[in-house]
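Written below as structure tokens is the structure these notes are about.
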Amino acid sequence: MELRQAVQEDLPEIMEMDKKTLLYDASLCGIIPEQIEKNHQALFEKALTRFEGEIWVAEVDGTIAGFIWVIKSVDYFSGHPIGFLLKLYVKEEFR
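In this text, residue positions in the sequence shown follow our numbering: the first is 522, and each later residue adds one.
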């Protein structure tokens, strides 16, 4: 397995994995899946510019197995800057 920072060409696949996390979340909290399908691309693209952070991908034999998205945030208790795990996804076949 290789870990590397995501590049522009990875974004369509990362966006699809991200959508799967949202659809799973929707099943737990009553959000209509059609809302996610309709709005996901615009919201994902907005999040890329809204948050300061990095997306890393895990690759196995040249295939993206998953991703992690870490953003800069502030600790609510100390006020110190921290890294915050925004998203983590591993494709089912690599779990």
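Each residue gets a CB set at the ideal place from its N, CA and C atoms; glycine is no exception.
Remember, it's a predicted structure, so these values are computed and weren't measured experimentally.
Cutoff 8 Å; reference residue i; Cβ partners in own chain excluding five residues on either side
{"i": "P602", "result": "K593, S594, V595, D596"}
{"i": "M522", "result": "A579, E580, V581, A586"}
Same chain, Cβ closer than 6 Å to residue i, five either side skipped, listed in chain order
{"i": "L607", "result": "W590, I592"}
{"i": "M536", "result": "F565"}
{"i": "E534", "result": "I585"}
{"i": "D531", "result": "V578"}
Enclosing alpha helix (DSSP H) for residue i [first to last residue]
{"i": "R571", "result": "554-571"}
{"i": "E534", "result": "532-550"}
Residue i, enclosing beta strand (DSSP E) - first and last residue
{"i": "S594", "result": "584-595"}
{"i": "R525", "result": "523-526"}
{"i": "E580", "result": "574-581"}
{"i": "K612", "result": "No beta strand (DSSP E) holds K612; DSSP gives it neither H nor E."}
Contact set for residue i: own chain, Cβ-Cβ below 7 Å, skip 5 residues either direction
{"i": "F615", "result": "V581, A586, G587"}
Integer Cβ distance of residue i from residue j, believed to fall under 8 Å
{"i": "L544", "j": "I557", "result": "6 Å"}
{"i": "H561", "j": "K541", "result": "Not quite, the Cβ-Cβ distance comes to about 10 Å (not below 8 Å), so this is no contact."}
Distance cut-off 7 Å: residue i Cβ against heavy atoms of the ligand GDP
{"i": "F615", "result": "Although the ligand GDP was asked about, the structure shown includes no ligands whatsoever."}
inquiry  = If contact is defined by three or more beta carbon pairs under 8 Å, each pair taking one atom from either stretch, is the stretch 522-537 in contact with the stretch 570-583?
reply    = yes
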